[in-house]
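A short write-up of the structure that comes next.
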Amino acid sequence: MKGKKTITHHTDSQGARPRFRWLQIILIALITPCTSPGFAKSGPLDDIWIGDHAQPPINLYIARTQLTRDPADVRIHALKTWLDHVARRASVSFQLRPASAERWQVELTQEPDSCALANARLPDREQSAHWLLPVLRDSLVIVGRADDPFQGDVGTLLRQADGAIGAASGIYRVTLEQRGIRYIPVDDQGAIIQMIDMGRLRFGLLVGSAALTHTGPGHIRILGKIADIDFWFSCSRLMEPERVARLRQALERGENERLRLEFLSLWARRPAP
């Protein structure tokens, strides 16, 4: 693979509508993958079954983040309430599956009863899923230390970042590979921020909403934006059309909007992972 430079793993994983900026970190399927690619039970959302239990479960894939690993996080209840409402309105049930983006991209193409909570809508994925609801839009940005001396345009930044930029799996590495930029594989965005702070990395590729929560003196700064990405609630192209239609209708209901906003309100009052 052209984009990969050297493997440098960091094991400390600390961690719809475009205007809903605060939802971005936990919902983006390609944002913060955990080091565990499978389904080993490791958090309060693993294998939770919600919705109409009289119906066979749909596997709902969610990116592993700090939220999916912290049982004390009050946002977990709000997230489950929202998803439970969607499932019951659609007369389905969801089995929550925190996993890596690579894992669920495979499952969406092979498993009829599968969905992803926030899937980046890219041209090469267009035919692999039903795109039910745009959850959010965010940007991909290159960051460095707050005192990084870089001044210049994005083209110059990409040339300097070649071989010196940390990237998590999924959309981050794909984006760099498409531009012929070599990267250093890192487990997640929290690890990238720490490594930049420690001087182990000069550059990192983050989602814009995550970068903004860590900017300021003594932290990191955004050096340039390279792309805008839309993220969707999506389901397998192999799913029964009638079930897809029920899910689409449930996601668009007004009550679902209220529950989602309640979750967003809680998210906004807590620091991002």
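At position 252 of the sequence shown the residue is numbered 252 (the numbering used here), and the sequence of numbers has no breaks.
Glycine included, C-beta positions come from ideal geometry on N, C-alpha and C.
Note that the coordinates shown come from a computational prediction; the quantities given were computed from them, not determined experimentally.
Item	Value
Which residue spans inside the segment 221 to 268 form an unbroken alpha helix (DSSP H) run of at least 4?	241 to 251, 254 to 268
Just curious, the beta strand (DSSP E) that residue 95 is in, first and last residue?	93 to 99
Taking residue 122 as part of the beta strand (DSSP E), name the residues at either end of that continuous run.	That residue, residue 122, is in no beta strand (DSSP E); it is neither H nor E in DSSP.
Starting from residue 48 and walking both ways along the alpha helix (DSSP H), at which residues does that stretch end?	From DSSP, residue 48 is part of no alpha helix (DSSP H); its letter is neither H nor E.
Nearest-angstrom Cα distance between residue 121 and residue 61?	15 Å
Return the chain-ordered list of same chain residues with a C-beta closer than 6 Å to the C-beta of residue 225, the five sequence neighbours on each side being excluded.	139, 141
With distances taken between CB atoms, is the gap from residue 152 to residue 201 smaller than 8 Å?	no
For the beta strand (DSSP E) containing residue 186, name the first residue and the last one.	Taken as a continuous stretch (DSSP letters only), residue 186 belongs to no beta strand (DSSP E), as it is neither H nor E.
Can you name the start and end residues of the beta strand (DSSP E) that residue 145 belongs to?	129 to 145
Residue 192 and residue 206 look like a contact to me (Cβ under 8 Å); what is the Cβ gap, rounded to whole Å?	6 Å
Can you pull the DSSP bridge partners for residue 206?	141
Measure the C-alpha to C-alpha separation of residue 185 and residue 178 and round it to an integer number of angstroms.	16 Å
What first and last residue would you give for the beta strand (DSSP E) that runs through residue 60?	57 to 63
Which word fits residue 29, buried or exposed, when buried means at least 16 other C-beta atoms lie within 10 angstroms of its C-beta?	At residue 29 the pLDDT is 32, less than 50, meaning the model places this residue with poor confidence; the figure from the coordinates comes in the next sentence. Label assigned to residue 29: buried.
Quick one: what's got a C-beta closer than 6 Å to residue 257's C-beta in the same chain, skipping five residues either side?	none
Going by Cα to Cα distance, which pick from 63, 76, 56, 47 is closest to residue 262?	76
Using the three-state DSSP reduction, which class does residue 327 fall into: helix, strand or coil?	Residue coverage of the chain in this structure runs from 1 to 273, which leaves residue 327 outside it and unanswerable.
Any idea if residue 208 is buried or exposed, counting beta-carbon neighbours within 10 angstroms, 16 or more meaning buried?	buried
Using 8 Å as the cut-off, can you tell me whether the segment 110 to 130 makes contact with the segment 231 to 238, which would need three or more C-beta pairs spanning the two stretches below that distance?	yes
With distances taken Cα to Cα, identify the nearest neighbour of residue 144 among 135, 84, 215.	215
With DSSP as the reference, label residue 213 as helix, strand or coil.	coil
Mind checking whether residue 255 and residue 133 have CB atoms under 8 Å apart?	no
If you follow the alpha helix (DSSP H) that residue 155 is part of, which residue opens it and which one closes it?	154 to 161
Out of 83, 221, 108, 155, point me to the one whose CA is closest to residue 149's CA.	221
To the nearest angstrom, how far is the alpha carbon of residue 238 from that of residue 181?	34 Å
Buried or exposed, going by whether 16 or more other CB atoms sit within 10 Å of the CB of residue 82?	buried
Between residue 89 and residue 229, how many whole angstroms is the CB-CB distance? I'm expecting something under 8 Å.	About 28 Å; that fails the 8 Å criterion.
I'd like the list of long-range same chain contacts for residue 112, defined as Cβ closer than 6 Å, with 5 residues on each side in sequence excluded.	236, 238, 239
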